[in-house]
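Let me begin by presenting the structure, written as structure tokens, before commenting on it.
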Amino acid sequence: MDILEYSAVELSAAIKDGKVTASEAMEAVLARIDEKEKDINAYVTIDREQALKAAAAVQGKIERGELTGSLAGVPVAIKDNMCTEGMLTTCSSKILENFVPTFSAEAVINLEKEGAVIIGKTNMDEFAMGSTTETSAYGVTRNPWNTAHVPGGSSGGSAAAVAAGECFFALGSDTGGSIRQPASFCGVVGLKPTYGTVSRYGLIAYGSSLDQIGPLTKNVSDCAAVLELIASHDTKDSTSVKREDTDFTSALAADVKGMKIGIPKDYFGEGLDAEVRDAVLAAAKVLEEKGAVVEEFDLSLVEYAIPTYYTIAAAEASSNLERFDGVKYGYRTMEYDGLHNMYKKTRSEGFGAEVKRRIMLGSFVLSSGYYDAYYLKALKVKAMINKAFDEAFAKYDLILGPVAPTTAPRLGESLSDPLKMYLGDIYTISVNLAGLPGISLPCGKDSKGLPIGLQLIADRFQEKKLIQTAYTYEKIRGDFKTEE
Amino acid sequence: MANVISDETIEYVGILAKLELSDEEKEQAKKDMGSMLDYIDKLAELDTTGIEPMSHVFPVQNVFREDVVTNGDESEKTLKNAPGGKDNMFMVPKTFE
Numbered sequence: 001m002d003i004l005e006y007s008a009v010e011l012s013a014a015i016k017d018g019k020v021t022a023s024e025a026m027e028a029v030l031a032r033i034d035e036k037e038k039d040i041n042a043y044v045t046i047d048r049e050q051a052l053k054a055a056a057a058v059q060g061k062i063e064r065g066e067l068t069g070s071l072a073g074v075p076v077a078i079k080d081n082m083c084t085e086g087m088l089t090t091c092s093s094k095i096l097e098n099f100v101p102t103f104s105a106e107a108v109i110n111l112e113k114e115g116a117v118i119i120g121k122t123n124m125d126e127f128a129m130g131s132t133t134e135t136s137a138y139g140v141t142r143n144p145w146n147t148a149h150v151p152g153g154s155s156g157g158s159a160a161a162v163a164a165g166e167c168f169f170a171l172g173s174d175t176g177g178s179i180r181q182p183a184s185f186c187g188v189v190g191l192k193p194t195y196g197t198v199s200r201y202g203l204i205a206y207g208s209s210l211d212q213i214g215p216l217t218k219n220v221s222d223c224a225a226v227l228e229l230i231a232s233h234d235t236k237d238s239t240s241v242k243r244e245d246t247d248f249t250s251a252l253a254a255d256v257k258g259m260k261i262g263i264p265k266d267y268f269g270e271g272l273d274a275e276v277r278d279a280v281l282a283a284a285k286v287l288e289e290k291g292a293v294v295e296e297f298d299l300s301l302v303e304y305a306i307p308t309y310y311t312i313a314a315a316e317a318s319s320n321l322e323r324f325d326g327v328k329y330g331y332r333t334m335e336y337d338g339l340h341n342m343y344k345k346t347r348s349e350g351f352g353a354e355v356k357r358r359i360m361l362g363s364f365v366l367s368s369g370y371y372d373a374y375y376l377k378a379l380k381v382k383a384m385i386n387k388a389f390d391e392a393f394a395k396y397d398l399i400l401g402p403v404a405p406t407t408a409p410r411l412g413e414s415l416s417d418p419l420k421m422y423l424g425d426i427y428t429i430s431v432n433l434a435g436l437p438g439i440s441l442p443c444g445k446d447s448k449g450l451p452i453g454l455q456l457i458a459d460r461f462q463e464k465k466l467i468q469t470a471y472t473y474e475k476i477r478g479d480f481k482t483e484e
Numbered sequence: 485m486a487n488v489i490s491d492e493t494i495e496y497v498g499i500l501a502k503l504e505l506s507d508e509e510k511e512q513a514k515k516d517m518g519s520m521l522d523y524i525d526k527l528a529e530l531d532t533t534g535i536e537p538m539s540h541v542f543p544v545q546n547v548f549r550e551d552v553v554t555n556g557d558e559s560e561k562t563l564k565n566a567p568g569g570k571d572n573m574f575m576v577p578k579t580f581e
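Chain order of the listed sequences is V and G.
So the first sequence is numbered by my numbering: it starts at 1 and just counts up by one.
So the second sequence is numbered by my numbering: it starts at 485 and just counts up by one.
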């Protein structure tokens with residue numbers, strides 16, 4: 001069997017069985033990267049030497065029985081907004097072009113402890129602000145299914161790397177859909193956990209009340225295995241939640257009998273591509289035939305989620321990104337006149353257009369005189385959106401719908417009109433506002449051959465229902481090739 | 485466009501955001517912010533009287549810990565990425581004469 005055909009969990013099992021070594025797996029991935037990267041550009045940084053060295057060390061530990069975890073020896077790609085000790089971490093921004101962290105993100109440490117081996121850092125929208133990976137300062141990433149199309153974003157590099165076989169799995173982060181939407185566009189599985197499940201320590205913050213780290217994988221089994229390893233209570237993240245139910249792989253059972261699934265009618269209105277709608281509803285039918293109880297309902301407030309999100313996310317971003325001032329790390333402008341001019345010039349030269357747009361909007365909605373009308377109003381609507389979800393989950397185990405209104409757009413189509421790009425997040429964004437877990441998995445292809453994603457949303461802490469239902473669907477659907 | 489952003493507002497936002505914009509960027513920013521605010525104004529359609537603003541989805545409390553140092557001297561690490569440093573300190577341009 002070609003090494004690259006293995007899923008992450010299968011690869012680790014094969015390594016433990018002595019069929020393949022961690023070093024051979026890393027060499028196979030690096031060869032694949034050599035072949036693909038000029039077309040895809042999924043990575044910002046690849047550290048071959050370190051990757052091979054680490055793989056050899058892990059192989060030794062596996063042979064000595066010191067590493068027995070489900071992902072030991074498996075090459076992983078990390079989104080470039082997670083700190084990796086000794087490895088460049090740019091957030092795809094010029095302002096962090098030279099930032100080499102002296103510590104690693106907790107989620108990264110959790111993976112390394114279990115013997116996963118880092119290949120490098122994946123491309124993203126600058127500071128995770130975008131839905132196409134086109135706002136990166138290090139070039140666009142292309143969709144492996146069709147390189148004229150975007151991979152989605154902001155975790156576009158991670159999704160593309162999984163789809164192209166340039167890694168066995170990847171970590172991404174999701175603030176308004178940034179794991180689920182690129183997973184959908186690239187035909188892979190992506191999960192955003194309940195807020196607080198994965199430590200945000202070492203994740204460079206965008207919207208702190210919304211950000212969560214999660215897996216991008218070839219299939220649902222890998223997704224459960226990765227989530228199980230990265231979920232942890234961490235005192236270094238004060239919003240981290242102590243959970244006892246993180247044995248997510250125990251939910252990998254093909255059974256949805258009696259699972260109550262609600263389909264929000266408001267997710268199937270105007271703007272939804274007909275091919276996407278049909279594929280998603282066909283997936284619902286499959287689950288119904290397996291014994292799930294499926295019905296339509298009114299979720300309400302859907303059209304208010306995007307303005308609420310952009311107000312809150314921009315406000316938090318304007319505050320979080322204050323730290324990039326040319327003093328503690330990163331880029332500093334060459335010529336300046338005094339301290340304030342240094343701050344201003346550094347930031348103006350270091351940030352790209354979309355980041356500046358959101359910082360300015362955030363500064364405005366938080367400014368005196370506008371705070372109540374915009375920011376506080378958004379926090380109130382957020383409370384209403386939360387209530388709508390609470391009511392839905394009083395009736396249903398899961399909510400089922402599309403991930404995005406369309407399949408992957410062509411490169412360059414979205415950037416000209418930011419508002420239009422924001423509208424593409426309509427089905428993913430409210431999940432972050434309510435802190436809920438959501439999964440995206442492939443449920444078909446459109447007439448252009450581009451993948452379509454199915455989204456399942458559960459109540460807080462109910463990832464197991466997501467995993468069980470997604471796993472059941474995946475079993476019936478059969479193999480979804482990660483790339484043509 | 486309902487929201488017209490004035491030159492003064494963009495200047496003020498530039499100060500708050502610590503960004504220096506070219507004239508061209510300012511014009512674009514006025515347009516972008518205006519259309520974003522038009523869109524956000526949609527929230528005004530909702531009656532939020534009596535609704536508590538929700539900043540966090542869980543009822544979280546402040547997380548306290550004893551004020552005990554658990555890490556050692558990490559000044560070298562802390563300064564490693566600084567664009568300017570001197571005598572174990574960050575170096576910045578003169579802030580007053």
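Cβ atoms here follow ideal geometry from the backbone N, Cα and C, with glycine treated the same way.
Only a predicted model underlies this, so the values are computations on that prediction, with no experimental measurement involved.
Report yes or no: is there a C-beta of chain G within less than 7 Å of the C-beta of residue i?
{"i": "A163 of chain V", "result": "no"}
{"i": "Y343 of chain V", "result": "yes"}
{"i": "E484 of chain V", "result": "Residue confidence for E484 of chain V is low, a pLDDT of 48 falling below 50, so the modelled location carries little weight and cannot support an answer."}
{"i": "S93 of chain V", "result": "no"}
{"i": "R332 of chain V", "result": "yes"}
{"i": "M129 of chain V", "result": "no"}
{"i": "K328 of chain V", "result": "yes"}
{"i": "M360 of chain V", "result": "yes"}
{"i": "R323 of chain V", "result": "no"}
{"i": "R347 of chain V", "result": "yes"}
{"i": "Y195 of chain V", "result": "yes"}
So what does DSSP say about residue i, is it helix, strand or coil?
{"i": "M520 of chain G", "result": "helix"}
{"i": "T493 of chain G", "result": "helix"}
{"i": "Y43 of chain V", "result": "strand"}
{"i": "E228 of chain V", "result": "helix"}
{"i": "I179 of chain V", "result": "coil"}
{"i": "K236 of chain V", "result": "coil"}
{"i": "P215 of chain V", "result": "strand"}
{"i": "L252 of chain V", "result": "coil"}
{"i": "D165 of chain V", "result": "The sequence shown places Gly at residue 165 of chain V, rather than the Asp named in the question. The answer is coil: DSSP assigns G165 of chain V none of H, G, I, E or B."}
{"i": "E484 of chain V", "result": "Residue placement at E484 of chain V is flagged as unreliable, the pLDDT there being 48, under the threshold of 50; a coordinate-derived value is accordingly withheld."}
{"i": "R410 of chain V", "result": "strand"}
{"i": "S208 of chain V", "result": "coil"}
{"i": "M421 of chain V", "result": "helix"}
{"i": "F297 of chain V", "result": "strand"}
{"i": "D174 of chain V", "result": "strand"}
{"i": "I15 of chain V", "result": "helix"}
{"i": "G258 of chain V", "result": "coil"}
{"i": "A458 of chain V", "result": "strand"}
{"i": "K448 of chain V", "result": "coil"}
Compare the C-beta of residue i with all C-beta atoms of chain V and state if any pair is closer than 7 Å.
{"i": "N555 of chain G", "result": "no"}
{"i": "N487 of chain G", "result": "no"}
{"i": "V552 of chain G", "result": "no"}
{"i": "T533 of chain G", "result": "no"}
{"i": "E504 of chain G", "result": "yes"}
{"i": "K561 of chain G", "result": "yes"}
{"i": "F574 of chain G", "result": "yes"}
Can you tell me whether residue i sits near the ligand NAP, meaning its C-beta is under 6 Å from at least one heavy atom of the ligand?
{"i": "G202 of chain V", "result": "Looking for the ligand NAP in the displayed structure turns up nothing, as the structure carries no ligands at all."}
Below 8 Å on C-beta distance, what does residue i contact in chain C?
{"i": "S539 of chain G", "result": "Structure shown: chain C not included; protein chains present are V and G."}
List, in order along the chain, the chain V residues whose C-beta lies closer than 7 Å to that of residue i?
{"i": "D516 of chain G", "result": "R357, P418"}
{"i": "S519 of chain G", "result": "L419"}
{"i": "K564 of chain G", "result": "T102"}
{"i": "P577 of chain G", "result": "Y336, G338, L339, M342"}
Which chain G residues are close to residue i, counting only those with a beta carbon under 7 Å from its beta carbon?
{"i": "P307 of chain V", "result": "Y523, I524, K526, L527"}
{"i": "A383 of chain V", "result": "I535, E536, P537, M538"}
{"i": "T311 of chain V", "result": "I524"}
{"i": "F364 of chain V", "result": "V497, M517"}
In chain G, what lies closer than 9 Å to residue i by C-beta?
{"i": "T239 of chain V", "result": "H540, F542, V544, V547"}
{"i": "F99 of chain V", "result": "N565"}
- [ ] Any chance you could list the alpha helix (DSSP H) runs of at least 4 consecutive residues sitting entirely within the region 319-403 of chain V, in chain order?
- [x] 339-350, 353-366, 377-395
Task: Completely contained alpha helix (DSSP H) runs for the region 38-104 of chain V, where each covers 4 or more residues - done: 48-63
TODO: Can you give me, in chain order, the residues of the region 418-442 of chain V that have a beta carbon less than 7 Å from any beta carbon in chain G?
DONE: P418, L419, A434, G435
Task: Interfacial residues, the region 243-273 of chain V to chain G, with Cβ spacing under 7 Å - done: none
TODO: Can you check the region 117-158 of chain V for any beta strand (DSSP E) of at least 3 residues that lies completely inside it and give the ranges in chain order?
DONE: Here the runs fully enclosed are 117-122.
Task: Proximal residues, the region 383-399 of chain V versus chain G, C-beta separation under 8 Å - done: A383, M384, N386
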